[in-house]
Amino acid sequence: MKNVQKKPRIGITMGDPVGIGAEIIVKALVEESIWEICLPMVLGDVGVINKALRITSCGLKVNVNPNKVERREEKEKFINLISLSDLDPDRLSYGKPDKETGKAMVSYIKEGIHLALEKKIDALVTCPI
4 MKNVQKKPRI GITMGDPVGI GAEIIVKALV EESIWEICLP MVLGDVGVIN KALRITSCGL
64 KVNVNPNKVE RREEKEKFIN LISLSDLDPD RLSYGKPDKE TGKAMVSYIK EGIHLALEKK
124 IDALVTCPI
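Rendered as structure tokens:
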């Protein structure tokens with residue numbers, strides 16, 4: 004009998020919504036090698052992630068607020084995203100964090116900690132804050 008090891012569920016916080024984090028995430032999740040070793044779950048803002056997808060032309064889809072980290076079918080490329088803020092990406096000043104984006108950053112990290120403590124994810128990483 005084979006010992007089939009489950010892939011770790013990795014929570015990835017988007018970091019600063021007016022920073023480079025969303026672009027880092029979408030560019031990383033295009034890489035097949037990421038999906039071979041883990042099941043990523045992004046914690047962030049759907050509008051900011053969608054803007055990063057447009058900027059990078061990565062061709063990924065977004066699976067918003069999934070109940071669990073889902074396995075990705077090989078032919079279908081998507082980002083599992085728990086959207087925790089409702090920022091208007093067209094009104095954000097990139098490179099200039101403010102009170103609203105600061106609160107958003109904190110909410111991503113707090114939710115990541117909660118998911119880790121509840122054992123819904125196996126590890127937590129964050130993009131630049």
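In this note's numbering, each number is its position in the sequence shown, counted from 1, plus 3.
Think of the CB as a built atom: it goes at the ideal place given N, C-alpha and C, for glycine as much as any other residue.
{"query": "Closest Cα partner of S60 within the set I124, V45, K30, A107", "result": "K30"}
{"query": "Straight-line gap, G24 to K10 (C-alpha atoms, nearest Å)", "result": "23 Å"}
{"query": "Residue span of the alpha helix (DSSP H) that contains V128, given as start and end", "result": "Element bounds for V128: not the alpha helix (DSSP H) but the beta strand (DSSP E), 126-129."}
{"query": "Three-way DSSP call (helix, strand, coil) for N68 in this model", "result": "coil"}
{"query": "Burial state of K54 (16 or more Cβ within 10 Å)", "result": "buried"}
{"query": "Of the residues A107, G62, P100, the one placed nearest S86, counting alpha carbons only", "result": "A107"}
{"query": "Per-residue DSSP class, three states only, for R94", "result": "coil"}
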